Structures are given as structure tokens and as C-alpha cells.
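Taking it in order: structure first as C-alpha cells, then the write-up.
In the UniProt record's numbering, the protein residues as written are 1 to 457.
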């Protein structure tokens, strides 16, 4: 790291402070929360593991994920071949305010306490544009989800992420189209709204070790500035260490990277794009004022880890606000989509079949758009609506088969009251039985024939 970088501890104390937001946090809460020396962690040579892959965008393909399953972090130093679209690097926090609205309330983290508060975008912009020595506290914005705002059209994530993201490929699409509210109010949320975030961090911000909610993977692009990451692989010992660390309530006393195995530190420069796989434990430091665009996604090629992280969240009692919205509902829709894609039998209720699959919608000739040639589907299958069957046998990848078995086992093991069967699914027990039979049928699929570079869904 650069020797000329200002002292982190001095940035917490120096200068004449301005007050932007009276959040009621006392001085006692601000001081003395961190017992380790963060500056030492930024320059230490201990965190030298080498798990991060460096790739070109053209190699980040669907087939790559089919074969490898997104197990290690990936760094792209160029946008070429990724299919990403970003605003100009001169895009400012004031521009963000103009696109999402000055009155939009956003969650803000107090870096000293690692606790959240709220500001309006107008308040946040005034804070961010203040010279560093005059900032009263260190605040960080890491959860401004901007889908369904004017900012959405300026940002496109990696094209391959679009192909694997469960939200786009498993969740009933008409529900996403019904979403009107641009905030993340769970009462108005029609789908898991976690795909596009704007992160705005001032110099000196630090986010302690965490795992992204629901075991989601992350795409992350540095529009301006830089970030320092410490990354810990999700081995069983490391996850157990992390869980005990969270339970201890003494996170400020211990820098987890000192205790874990194979911790790696990396600095991401402006223009870099980063993929963080499911379950990776990571902390983030901001050397200079920075703006990042990123997002979260679940996918079918590391399902066991996603379920494992969800269980850790259960045991550590993570509040619902900080968890993946509709996690188990999503799992049901995943099973339904695989059954439909492999057998053309749908377990969606008729209304959802109509609006998300086109079943029951008529074209100009009066025939069913999704089922023009099917004549016997309803008679053959009483538990689900059938359409045309796939014209060729589909081979399912080993990673998908393993993951679907894990979802099946998890949903069957949940108490009935916690199964979270979504209202769009009909005859859930028949769906589970159908999945079980389908997985047995595909148990001996040829892996070589499954690596097609084409999604099943």
C-alpha cells in the first residue's frame, strides 16, 4: 500500500467537524470500538494466499460456470468481453442523487460502530462532498439498491451473471414486472430486489468481515477510487471460526483474517471488476473516496454453499432485514423451473402460468401460445400443467444435480410452518415427488454432454 496514505486513526479525529445528521449516537459509542490496528492489516505481508483468479471477460462464459461452479474470486482488469455498461468515471454522488431522488432515504453505516442509521440522499451528498478533514464521522453507503430508478438504465452487470441469476431465470417474471417501489421495503417487494447496488464510501471506511446474505455471490465494479479486500475461503474450519466470532459479540477485538486460514488481501483499482463467490468471508477498506456498482445473485452451481450460509444466518440470528428476501420461496421456484424445463410440466398456479409462461394466453389464431400442439397434457398429468416436451434429451451438470438434491432435502426437512411455499406454487408435495423422480432419472447423465454453454432454464 502507498506510504503517502494518510493515517487512518488521524482521519477519525482530525479537523473541524461538520454535523449533517443528528442520529443520536453518543461519543462513547464512537470511540474505542476497534481494538486492532487497521493500518497494520493494510500493509502486513501475512495475507498472501493466492486464490484469486485473473481472467479476461471473454473467458467468463456460461460453460466456464457449468464446469467450475464459481468457487474462487475472479478479477477482471478490463471491461472487455464482460458485457458490462457503466456511467463515465466522472459520475458523482450528486449525479446519483439526481437519478434516485434527493428525498430517497438510504441506509448508512457508521464505520466506528458498524451500526446502521438513515439519511436522505440530499444529506448524504452534503456529507460526501465535504473535505475529508471536516467530516464529523466516517459514514459508508453499501446498500442503495437502485433498480426501478432512472439510474438503472445506466448500469449493466456482466452478461454471464444475467444467464445464471435465479431472480431473472427462476422467479415468476410477471412479479418482477409488477414491482413499482424503488425502495427495498419488504412490504412492497414483489421479488428479491438485490441485483443492482450503488456503494459510496469515503476515505477511511471499513466494513468488517461478513458473508453476503443468503450465500449470494457478488459482482463488483470500481467506477472510481479503489478498495482493499481481505478474503477468507469458506472452508469448514473457516466458516466455523466465523460463526463463533459472530456469536462472541467481540468482533471489534479480533481481526478475523489473523485467525483464519488462507486469508488473501488484494487492492482493486479503478476500472476493475470482481466476482466474489458464495460463502467467501471478506472485509473491505476504502483508501480514497470511492464509488462502486455491484449486486448479488444466487445461482445453480453452488447451491450447497448457499444453503449452508442460510443455516449459519439462522444459527447466528441475523435479522430479516439483512437476509436474502424470499430465500425459501425462491428455492421452490427453482425446483418448479427445472421440472418445467425438463418435462414441460408446470406446478405454477394457472394465473402464474398465464402471465409468466404464456400458458392459456391465445395468439391471433386462438391457439395457446405456449402449448399450440399439446392435446393430452392435462389428462396425462393431474398435478401440473403440461406443454410441449423438450425436443432432445437434456443432460444436467453434476453441480446442478448435487444442488437440486440439497434443495429437495432442505425443503423436506423444514417444519411445515417454515417451508414458505409461495402462493404461486400448486401441489407442493407433488412437485417434491416429481423433482425426486427427475433427479433419479438424470443421476447418470454424462457430464461431458452437460457442458453445453447453454442454460437449461
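Where a beta carbon is used, it is the ideal one built from N, C-alpha and C, also for glycine. Nothing here was measured: the structure is a model prediction, and the numbers come from that model.
task = Scan the region 292–327 and note each continuous beta strand (DSSP E) run of 3 residues or more that stays entirely inside, going in chain order.
result = Within the region 292–327, no complete beta strand (DSSP E) run reaches 3 residues.
inquiry  = Starting from residue 401, trace the alpha helix (DSSP H) in both directions and tell me its first and last residue.
reply    = In the DSSP assignment, residue 401 falls within the unbroken alpha helix (DSSP H) covering 398–413.
inquiry  = Does the structure place the region 259–273 close enough to the region 168–186 that three or more beta carbon pairs sit under 8 Å?
reply    = Result no; under three Cβ-Cβ pairs closer than 8 Å.
query = Which partner residues of residue 140 appear in the DSSP bridge assignment?
reply = Answer by DSSP bridge pairing, in chain order: 109, 201.
Supposed close pair residue 220, residue 276 - CB separation, criterion 8 Å = The distance from the Cβ of residue 220 to that of residue 276 is about 7 Å, consistent with a contact at the 8 Å cut-off.
query = By the 10 Å Cβ neighbour count, where 16 or more other Cβ atoms means buried, how is residue 426 classified, buried or exposed?
reply = Burial check for residue 426: the Cβ neighbour count within 10 Å reaches 16 or more, so the residue is buried.
query = Does the separation of the CB atoms of residue 93 and residue 125 fall below 7 Å?
reply = Yes, the pair counts as a contact, with Cβ atoms nearer than the cut-off.
message = My output table needs one value for residue 160: the three-state DSSP class, helix, strand or coil.
response = If DSSP states are grouped into helix, strand and coil, residue 160 belongs with the helices.
ask   = I think residue 164 touches residue 300, with their Cβ atoms under 8 Å apart; what is that distance to the nearest whole Å?
value = Going by Cβ atoms, the distance from residue 164 to residue 300 rounds to 7 Å, so yes, they are a contact pair.
query = Do you know offhand how far residue 412's Cα is from residue 327's?
reply = Approximately 15 Å, taken between the alpha carbons.
ask   = According to the neighbour-count rule (16 or more other Cβ atoms, all chains shown, within 10 Å of its Cβ), is residue 433 buried or exposed?
value = Exposed.
key: Own chain residues within Cβ distance below 6 Å of residue 132, not counting five before or after   = Listed in chain order, the non-local C-beta contacts of residue 132 below 6 Å within the same chain comprise 203, local neighbours out to five positions each way being set aside.
task = Round the Cβ separation of residue 265 and residue 47 to the nearest angstrom and send it over; I've been treating them as touching at under 8 Å.
result = Confirmed, Cβ separation roughly 4 Å.
query = Beta carbon of residue 81, beta carbon of residue 116: below 7 Å?
reply = Not in contact: residue 81 and residue 116 (Cβ atoms no closer than 7 Å).
key: Sequence-distant residues of the same chain with beta carbon closer than 6 Å to residue 69, five excluded per side   = The residues are 301, 302, 399.
query = In the region 54–107, which residue ranges form an unbroken alpha helix (DSSP H) of at least 4 residues, counting only runs that do not cross its ends?
reply = Annotation: the region 54–107 contains the following complete segments of the alpha helix (DSSP H) (minimum length 4 residues), in chain order: 62–68, 93–100.
ask   = How should residue 59 be labelled, buried or exposed, when 16 other C-beta atoms within 10 angstroms of its C-beta is the threshold for buried?
value = Its Cβ having fewer than 16 others within 10 Å, residue 59 is exposed.
ask   = Considering residue 127, what are the terminal residues of the alpha helix (DSSP H) in which it resides?
value = Counting along the chain, the alpha helix (DSSP H) containing residue 127 begins and ends at 121–128.
inquiry  = Once DSSP output is grouped into helix, strand and coil, what is the label at residue 343?
reply    = Residue 343: helix per DSSP, three-state reduction.
Whole-number beta carbon distance between residue 175 and residue 190, since they are thought to touch under 8 Å = Yes, residue 190 and residue 175 are in contact; Cβ-Cβ is about 5 Å, under 8 Å.
task = Spell out the partners DSSP gives residue 282 in its beta bridges.
result = Beta-bridge annotation (DSSP): residue 282 is paired with 210, 231.
request  = To the nearest angstrom, report how far apart residue 112 and residue 320 are at their CA atoms.
outcome  = Each residue's Cα considered, the two are about 23 Å apart.
inquiry  = At the level of alpha carbons, what is the spacing between residue 448 and residue 395?
reply    = As the crow flies, the alpha-carbon of residue 448 is around 9 Å from that of residue 395.
key: Buried/exposed call for residue 329, threshold 16 Cβ in 10 Å   = Looking at its Cβ environment, which holds 16 or more other Cβ atoms inside 10 Å, residue 329 is buried.
request  = Under 6 Å Cβ to Cβ from residue 337, same chain only, skipping five residues before and after it: list those, please.
outcome  = Excluding residues within five positions, the ones whose Cβ falls inside 6 Å are 170, 457.
ask   = Distance, Cα to Cα, residue 422 vs residue 152?
value = The straight-line gap from Cα to Cα measures roughly 28 Å.
key: Unbroken alpha helix (DSSP H) run spanning residue 167, endpoints   = Its alpha helix (DSSP H) spans residues 166–169.
task = Can you have a look at residue 236 and say buried or exposed, based on whether 16 or more other CB atoms are within 10 angstroms of its CB?
result = Burial call: exposed.
request  = Determine the burial state of residue 453: buried for a count of at least 16 other Cβ atoms within 10 Å of its Cβ, exposed for fewer.
outcome  = Flag for residue 453 reads exposed.
request  = Could you check what DSSP says for residue 182 in three-state terms: helix, strand or coil?
outcome  = Residue state, collapsed to three classes: coil.
message = I need the boundaries of the beta strand (DSSP E) containing residue 393, first residue and last residue.
response = Here residue 393 belongs to no beta strand (DSSP E), and DSSP marks it neither H nor E.
message = Between residue 211 and residue 325, how many whole angstroms is the CB-CB distance? I'm expecting something under 8 Å.
response = Contact flag wrong, Cβ pair sits at about 17 Å.
query = Looking at the structure shown, is residue 264 part of a helix, part of a strand, or coil, going by DSSP?
reply = Correct three-state label for residue 264: strand.
Selection from 352, 345, 232, 437 that minimises the alpha carbon distance to residue 424 = Of 352, 345, 232, 437, the residue nearest in Cα terms is 352.
ask   = Under three-state DSSP, which class holds residue 51?
value = Note: residue 51 maps to coil in three-state DSSP.
ask   = Buried or exposed: which applies to residue 450, given that a residue is buried once 16 or more other Cβ atoms fall within 10 Å of its Cβ?
value = By the neighbour-count criterion, in which a residue is buried when 16 or more other Cβ atoms sit within 10 angstroms of its Cβ, residue 450 is buried.
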